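Q: Chains as they are written, first to last, in the numbering used here: chain A, 48 to 481; chain B, 41 to 292; chain C, 97 to 668.
Note that beta-carbon positions come from the ideal geometry of N, C-alpha and C, so glycine has one too.
Predicted, not measured: the structure shown is a model, and the values here were computed from it.
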């Protein structure tokens, strides 16, 4: 009975790499160390609604075809298109992402990742102010004050707190939770907030006001702070600033509560400035709580291959980048794309209705292990192996550390990497013919 | 005087990139030459004449060339990009990046403008007789200097981030603006006659006057008495203190 | 079997002592050979300067540069050196390109090749993040690649030095190189990275590292001793303490002196000091800041145990990126610039800050002069490697421009004429009339790299060497670089031919082919008993302090494209 040690969990951006997996008759029968989310991915993948075969929509119905037929149909759509949107690519390997970028380049497409609807603003913020960060082990070994802002790791990143942050024990943090102060800022008392030493509840959409107030205090201008900011009394903000300033090592973990609230990327921008200001007094870093296990990887690969982390428009043959103009939703809401290729994502469920309606009108190619609402509007459906379980490859943790995901069991399905390669080859063949 | 009139043959969804549609490039050209100018449309290039009816009256220098768009061009981007002289009149809505990097001349838009109107503008004038979307007079992603000179007048409302990273020039908005006007600006003047939210975050220098209501004034400004401008007395704030800013924010 | 004959080339190959002599070069199967058959393809190189492919021995081109790209999307459209920067659409042969200081991986490969460069050494690989560096290497076409692994603030290193365990230290260095597939030992601001873990820095060679009871000097000596014990092909590669601070030249000379007692285990230097321009500052503050280059050059002229590189400044935008975390934070605060930081658990720190070198700023003008003063005041070119510490001092695409500064006093005068009097008073460059010739330039851009990295098959045109060759459309003897520097710049900006392993990759300044390059790494053998004892110690580190498993830490073979393993035998 093979037992695979140190497997990498391909669920969330924590990318835990200490998973023990028991495989019997090409089935995962036992999973050690994983959280409930990771466990359900490893074991529950067999219970999910797998796409069993490649399919092409004919007269309104998806009918089974061979991989070759599906690839050819997909390639024909791409070759004909004047403006293809390629979207998703965050729950797959860096190798597949690299292939997808090359395909987008060769077809003059726009390629974007799921960061478009989660931590895209984090990248925009870094482009304003930089990203003062550290690897998760720095937090484990040093941080005595940990601030979770607009994130809820108890539910979204279940092992984060025990492996990397508040409960973990490290070199300078032998006492673990007892030696650390935990602060949570949110608009409602989440399960994470319930564990905090200090919880600050703020008015919806007022993050930037509070960050600015903290900066003003840290920079020695508490006189400009009115009696309440963001619904929080001045005395409490002063207290919070003191906690941060007097720490030995502060880490601010921030989530979509910060990136997707009213002032969007300007919040992350201001957090970055706050971190810089705090370093005048102590040591401080920030880390974004990335969701999809390899959304960070998309940003990394795209940046070294195209110069940009997302929303890359290859229409003119070279990369052009301008979120707000070249993001997946920007394009769909304006009804620009005349074809779409979607991998490992579900815009059918997560995009605004106007965007989904446009997707329903244009030819859509889906590459995914699982059926989801996007399948309902897809014209070509190409099933893929599950990366991190049925296929190996690279993924980036939320702190930009890359790890090699293992193949644990065999699969009859092609990998994303293979599908993209085949598709690119077919596109070249059709272009040569034309 | 040379007058070039353009009208779209039919509405388009995929944007046309008209970055070479400006008086500098049209001056002295015939109808045939202008029709032959290539423009990007999706992932390929086509002659301008494929999309537009073109008529030309006279032939003259860029300063004496006027381009008139008849009707809506809400999917034509970058009209007037880098123009240095002459005039463009747009009778309808216009797409993103109109007047990007403009150095001189004048653009009049009788309609609404999409985002990045007058982005990184250096000189000249834009008059928008409608509403603007995001990032009027701002900078490109990652750039620390947006609008550097010239004047933008918006006779309607704008959305967020008016004058982001502005370093010079003047923006006047007759209506309301969205979130964070004048964010991270470092010079120039912005006058907002309507309402604004969270103005002048991280302003290093420059002047921002808001005549309407201000919501959510950021807690990084010092109140320093009052100042009178054109007979109106405003509360005077200076900051942003977090960037050692010497900017002046005048509000009612 | 593929054969090629380069006929009537004007060969400049300092490793063989050949100074611009007309000769033929024969190539078979990617190597330079004595002779070829009559069916060899012929390149007519008559009237053309021919050198070994350029070798950038210290560049930031994979890994940390991605942070620079990420935070500066505005760099992508910068086209300050037409033909070698900006946005370029894909072609049938080439991938799409963007950028100036932080180009995408494809642009890095193509543009180095256009300059006639064929090998690069990435200056800083964090062990924990090494996989990332190799992922980028894979996407850099044409060039051969290698990298230097960071050890200077590593907990295990500091503990072994503190506990006087030199054998285990050497075993750890060997393991670290294997884990990261590195080529050599890089030490950045020794101890400073750990201090930066608490927002602090070390102030000099004898300022103890917080909580570890070792000094930067001890870290340097400990690692140098391990480096020589392992007989590594390169010496330790040191970024000194106090980088970027007025008065730091003293620390730099002190560091160089420390290494006088190190016996190199191979025929090479005992120490390489990098981007010395940033470490040759006199004065006590930015107010009385002035050049410290004469003092450093004076010491180097009397020393025979070391080499150094320049870190030459190029005016215009640049992006600083270094494992020296505290320096980057200080830069960002002083310049009010964007600041990225990435501390690496148990190992090191790093930061990235964009900046702009202006000839109008007296500090920047003096920095510009210091790099050139170092190159020109140090008499022996075999001690000097040419770099801009790309893109810290400026992008590598400006190398041809920088060559004109080295080769023409007139060109330097032109630039200096734009400086303020205050700047001119703080430099000695206006009084230096030395002009490098093509031979000396070839030493600094090819020859020294071959020797200092112990790579006999690189940086020269000997029989048996790799057929990595640059042919430039210029003829020494028929041109006076002192006055015709524009021609020099043009010729070096687009090679007439660049050959990589005997294949024409550039012709007339344009990309012809994009083969994949090799990756060099060093595997130093260590006795099993010492290795086992060392492994027990790092097992504890992984169990208690790292956030990745040991088995997932090692860079797997799959990440190495065309790997070349350099084996050495440790002496225990």
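#1: Could you check how far apart the C-beta atoms of residue 592/C and residue 575/C are, in whole angstroms? I think they sit under 8 Å.
#2: Identify whether residue 500/C lies in helix, strand or coil by the three-state DSSP scheme.
#3: So, are the CB atoms of residue 489/C and residue 409/C less than 8 Å apart?
#4: Using a C-beta to C-beta distance shorter than 7 Å, which residues of chain C count as neighbours of residue 180/B?
#5: List the residues that DSSP assigns as beta-bridge partners of residue 405/C.
#6: Compare the beta carbon distance of residue 562/C and residue 150/C with 8 Å and say whether it is the shorter of the two.
#7: Which residue's Cα is closest to the Cα of residue 482/C: 153/C, 102/C and 147/C?
#8: Under 8 Å: do the segment 189–201 of chain A and the segment 295–304 of chain A share three or more Cβ pairs, one atom per stretch?
#9: At a cut of 8 Å, does the segment 184–191 of chain A reach the segment 157–173 of chain A through at least three beta carbon pairs?
#10: From the DSSP output, which residues share a beta bridge with residue 255/B?
#11: Taking the beta carbon of residue 452/C as the centre, do at least 16 other beta carbons fall within 10 Å, making it buried, or is it exposed?
#12: The segment 159–192 of chain A: which residues have C-beta closer than 8 Å to a C-beta of chain C, in chain order?
#13: So what's residue 652/C in DSSP terms, helix, strand or just coil?
#14: Between the segment 60–74 of chain A and the segment 202–221 of chain A, can you find at least three pairs of beta-carbon atoms closer than 8 Å?
#15: Within 8 Å of any Cβ in chain B, is that where the Cβ of residue 369/A sits?
#16: Please classify residue 305/A as buried or exposed, where buried requires at least 16 other C-beta atoms within 10 Å of its C-beta.
#17: With residue 588/C as the anchor, note down where its alpha helix (DSSP H) starts and where it stops.
#18: Kindly give me the distance between the Cβ atoms of residue 587/C and residue 570/C, rounded to whole angstroms, as I take these residues to be in contact under 8 Å.
#19: Could you spell out where the alpha helix (DSSP H) holding residue 506/C opens and where it closes?
#20: Is the Cβ of residue 376/B closer than 8 Å to any Cβ of chain A?
#21: Can you list, in chain order, the residues of the segment 244–276 of chain A whose Cβ is nearer than 8 Å to any Cβ on chain B?
#22: Are the segment 377–397 of chain A and the segment 45–58 of chain B touching, with three or more C-beta to C-beta distances below 8 Å?
#23: Quick test of the definition: if touching needs 3 or more C-beta pairs under 8 Å, does the segment 319–326 of chain A touch the segment 124–139 of chain C?
#24: Can you check whether the C-beta of residue 220/B is within less than 8 Å of a C-beta belonging to chain A?
#25: Quick one: does residue 228/C have its CB under 8 Å from some CB of chain A?
#26: For residue 183/B, which residues in chain C fall below 8 Å Cβ to Cβ?
#27: Just how far apart, CA to CA, sit residue 440/C and residue 259/A?
#28: Run through the DSSP bridge pairs and tell me what residue 294/C is partnered with.
#29: Note down, in chain order, every chain B residue with its Cβ under 7 Å from the Cβ of residue 302/A.
#30: Have a look at residue 280/B and residue 253/B and give me their C-alpha separation to the nearest angstrom.
#31: I need the straight-line Cα distance from residue 203/B to residue 333/A, nearest angstrom please.
#32: Hey, out of 168/C, 651/C, 432/C and 285/C, whose CA is closest to residue 351/C's CA?
#33: Our contact map puts residue 355/A next to residue 169/C with C-beta atoms below 8 Å; I'd like the distance itself, whole angstroms only.
#34: Residues of chain C with a CB under 7 Å from the CB of residue 218/A: which are they?
#35: I'd like the list of long-range same chain contacts for residue 340/A, defined as Cβ closer than 7 Å, with 5 residues on each side in sequence excluded.
#36: What residue range is occupied by the uninterrupted alpha helix (DSSP H) comprising residue 267/C?
A: Let me lay it out:
#1: Not really, about 14 Å apart at Cβ, beyond 8 Å.
#2: helix
#3: yes
#4: 170
#5: 481/C
#6: no
#7: 153/C
#8: yes
#9: no
#10: 237/B
#11: exposed
#12: 170, 173, 174, 175, 176, 177, 178, 179, 180, 181, 182, 183, 184, 185, 187, 188 and 189
#13: coil
#14: yes
#15: yes
#16: buried
#17: 581–589
#18: 4 Å
#19: 505–512
#20: Residue 376/B cannot be examined here, being either before or after the span of chain B that is shown, 41 to 292.
#21: 253, 255, 256, 259, 260, 262, 263, 266, 268, 270, 271, 272, 273 and 276
#22: yes
#23: no
#24: yes
#25: yes
#26: 170
#27: 29 Å
#28: Its beta-bridge partners do not exist; DSSP assigns none.
#29: What residue 302/A touches in chain B: nothing, since even the nearest Cβ is about 21 Å away.
#30: 19 Å
#31: 28 Å
#32: 285/C
#33: 6 Å
#34: 641
#35: 57, 58, 59, 60, 62, 138 and 442
#36: 262–276
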